[in-house]
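Numbering (the working numbering), first residue to last: 8 to 141.
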């Protein structure tokens, strides 16, 4: 039987977000902000490439007992990210395209397995997540 040593949740989250930022930088994105906090929640990462600004929800798991990370990005979480992005954009106007990404990471004990959903949902269709079932 294989035994995997679990990482504390806060440490796992920090490592996952650091890995997510690296994932985007490798693809030519600039990290605009990380862990942007508002009273109603937090935006994990904001990245930009060209005229595209992406608000990223990062979900990191080390067990699939509760489902994959992207399963936690339900319609409520989507609406929350859209609201937080709207608050951020009120302070930092952006004339280009706005996108909402979900980056799901799974720690297998040796490395992160990354599942990326670019443009995972839109503000006008937040009730119907397009990335379900993948």
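Ideal Cβ positions, reconstructed from N, Cα and C, are used throughout, including at glycine.
Check: Between which two residues does the alpha helix (DSSP H) containing residue 27 stretch?; Outcome: 16–33
Check: Ordered along the chain, which non-local residues of its own chain (more than five positions away) have a Cβ less than 6 Å from that of residue 91?; Outcome: 45, 48, 50
Check: Evaluate the contact criterion for the stretch 22–33 versus the stretch 107–114: three or more CB pairs, one atom per stretch, below 8 Å.; Outcome: yes
Check: Do residue 61 and residue 108 have their CB atoms nearer than 7 Å?; Outcome: yes
Check: If distances are taken between C-alpha atoms only, which option among 69, 88, 77, 82 comes closest to residue 18?; Outcome: 69
Check: Put residue 117 into one of helix, strand or coil per three-state DSSP.; Outcome: coil
Check: Taking the straight line between their C-alpha atoms, what separation do you get for residue 121 and residue 100?; Outcome: 30 Å
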